[in-house]
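Quick note, in my numbering, the sequence shown goes up one by one and the last residue is 604.
Just so it is clear, CB atoms sit at the ideal spot from N, CA and C, and this is done for glycine as well.
In this text, all values refer to a predicted model and were calculated from it rather than measured experimentally.
A short write-up of the structure that comes next.
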Amino acid sequence: MQIKKAIIPAAGLGTRFLPITKAIPKPMLSVVDKPTIQYIAEELSSIGVEEIIVVVSPGSDIIKNHFGPAEDLEKRLLSDGKTALYEIERQTQKFNVKFVVQEEANGLAGAILCAEPLVKDQPFALLLGDELLYANKGETPCIKRLADIFEQTGKSVIATMEVFGDDVSKYGNIGIAEENDGVMQVYDIVEKPSINEALSNNAVIGRYVLSGEVMGMLKTLKPHGNEIYLTDALKVLAERGDLLASCFEGERYDVGDKLGYIKANVALALKSEELGSDVAEYIKNLAETLK
Ligand code: UTP
314 MQIKKAIIPA AGLGTRFLPI TKAIPKPMLS VVDKPTIQYI AEELSSIGVE
364 EIIVVVSPGS DIIKNHFGPA EDLEKRLLSD GKTALYEIER QTQKFNVKFV
414 VQEEANGLAG AILCAEPLVK DQPFALLLGD ELLYANKGET PCIKRLADIF
464 EQTGKSVIAT MEVFGDDVSK YGNIGIAEEN DGVMQVYDIV EKPSINEALS
514 NNAVIGRYVL SGEVMGMLKT LKPHGNEIYL TDALKVLAER GDLLASCFEG
564 ERYDVGDKLG YIKANVALAL KSEELGSDVA EYIKNLAETL K
């Protein structure tokens with residue numbers, strides 16, 4: 314079954330990144346010259362979803378403005394003969410983006426549920442708004458790999474990568490029953506475990522393709538305090554053999570974390586045709602001073 318809907322939650326408080334996130338949502342932070350959320354929309358182009366649903370916080374129009382029209386700017390760029398910049402600006406408008414508001418930042422599952430009126434019981438892709446997955450030339454974008462596995466198996470599938478030491482406790486963690494060609498059968502999942510509780514070194518990262526029943530499951534789960542956990546729904550799937558995990562090609566940056574954000578900017582600046590050699594030169598000179 315083809316994936317027609319994608320959800321990008323972008324309504325978190327972004328407290329790890331204060332003060333910039335006081336007025337600007339984390340997914341709008343720029344990596345080189347583009348906000349993370351546009352990289353994510355571009356990743357989604359690889360599976361051709363019909364609709365991208367962005368979950369935003371109340372009164373936050375900045376993401377809507379980014380993907381919306383800009384007639385005056387376009388006229389000015391054209392009259393100044395800046396056609397390359399005009400094309401860059403037009404690229405931001407090629408996505409079919411809908412917006413839903415999460416009234417209170419009550420967690421990831423709460424954000425997903427806000428998209429329920431648009432997704433209903435269809436399968437959907439879920440891409441966390443503060444993780445940038447970069448596929449180099451010739452590599453398969455992460456969400457494309459997950460969508461292919463979903464289409465072949467009909468089972469929900471999450472992206473995973475290996476983490477070590479203290480990092481194990483920063484992510485959801487999965488137990489793997491078997492692995493075939495990088496596709497893993499998940500038998501259990503725990504939310505941010507202590508090192509002793511971890512099932513493996515396999516962390517859950519922010520890309521998912523989920524079957525249509527997940528939305529309904531979220532509505533019936535018991536909350537933990539104020540929040541319901543996506544992990545609780547995934548656990549039900551895992552225990553009955555309906556959850557897969559997959560490794561992915563390319564690089565992952567946790568842009569919601571200050572160090573991850575800086576790494577993303579350096580790495581993507583080095584890949585940039587416009588800036589790459591100048592940035593490399595700068596880094597080499599800087600490295601000399603650090604010895
Ligand atoms: P995080 O937990 O990483 O983001 O959520 P956060 O809560 O904004 O950040 P910190 O930890 O306080 O710094 C992952 C993604 O889910 C979204 C966030 O915007 C982010 O893109 N999210 C999180 C929501 O949309 N709503 C929420 O209630 C929580």
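Where does the unbroken beta strand (DSSP E) through residue i begin, and where does it stop?
i, result
"ASN598", "Element bounds for ASN598: not the beta strand (DSSP E) but the alpha helix (DSSP H), 589 to 603."
"ASN486", "486 to 493"
"MET474", "469 to 475"
"GLN498", "496 to 503"
"ARG520", "515 to 523"
"PRO430", "It is not in any beta strand (DSSP E) - PRO430 instead sits in the alpha helix (DSSP H) that spans 429 to 432."
Rounded to whole angstroms, what's the CA-CA distance from residue i to residue j? Just pull it up for me.
i, j, result
"ASP434", "GLU364", "15 Å"
"LYS411", "ASN419", "21 Å"
"ILE353", "GLN315", "19 Å"
"ILE541", "GLU387", "44 Å"
Nearest CA to the CA of residue i: which residue from the options?
i, options, result
"ILE320", "LEU426, LYS347 and THR405", "LEU426"
"GLU444", "ASN539, GLU587 and GLU564", "GLU564"
"LEU326", "ARG553, ALA336 and VAL517", "ALA336"
"GLU552", "VAL499, ILE316, GLU540 and GLY538", "VAL499"
"ASN514", "LEU531, MET474, VAL413 and GLY525", "MET474"
"ARG403", "LEU390, VAL413 and GLN415", "LEU390"
"ASN578", "PRO332, GLY467, VAL344 and ALA383", "VAL344"
"GLN406", "VAL413, GLU416, PRO382 and SER392", "PRO382"
"ASP461", "GLU355, ILE360 and GLN415", "ILE360"
"HIS537", "LYS395, ALA422 and VAL362", "ALA422"
"LYS505", "ASN449, LEU534, GLY478 and LEU439", "GLY478"
"SER373", "GLN465, GLN351 and GLU416", "GLU416"
"THR349", "ALA424, ALA428, TYR447 and PRO430", "TYR447"
"ILE487", "HIS379, LEU523, LEU557 and VAL527", "LEU557"
Check whether the Cβ atoms of residue i and residue j lie closer than 8 Å to each other.
i, j, result
"LYS442", "PRO322", "The sequence as given places Gly at residue 442; Lys does not occur at that position. It is a contact, given that the beta carbons lie within the stated cut-off."
"PHE330", "LYS548", "no"
"GLY569", "LYS339", "yes"
"VAL470", "SER358", "no"
Just to confirm the assignment, what range does the alpha helix (DSSP H) spanning residue i have?
i, result
"LEU390", "384 to 392"
"GLY569", "First-last for GLY569: undefined, no H or E at that position."
"ARG458", "455 to 466"
"VAL413", "Per DSSP, VAL413 belongs to no alpha helix (DSSP H); it is in the beta strand (DSSP E), 410 to 414."
"LYS548", "543 to 552"
"VAL373", "Looking at the sequence provided, one finds Ser at residue 373 rather than Val. Element bounds for SER373: n/a, residue is neither H nor E."
For a cutoff of 8 Å on Cβ pairs, would you count residue i as touching chain C?
i, result
"ALA448", "The structure shown contains no chain C; it is built from a single protein chain."
Is residue i a contact residue of the ligand GTP, with contact defined as CB to any heavy atom under 7 Å?
i, result
"GLY327", "The model depicted lacks the ligand GTP and carries the ligand UTP instead."
**Pocket of the ligand UTP (residues with CB nearer than 6 Å to any heavy atom), chain order** = With 6 Å as the limit between CB and the heavy atoms of the ligand UTP, the residues that fall short of it are PRO322, ALA323, ALA324, GLY325, LEU326, GLY327, THR328, ARG329, PHE330, LYS339, PRO340, VAL368, GLN415, ALA418, ASN419, GLY420, LEU421, GLY423, ALA424, LEU441, GLY442, ASP443 and GLY569.
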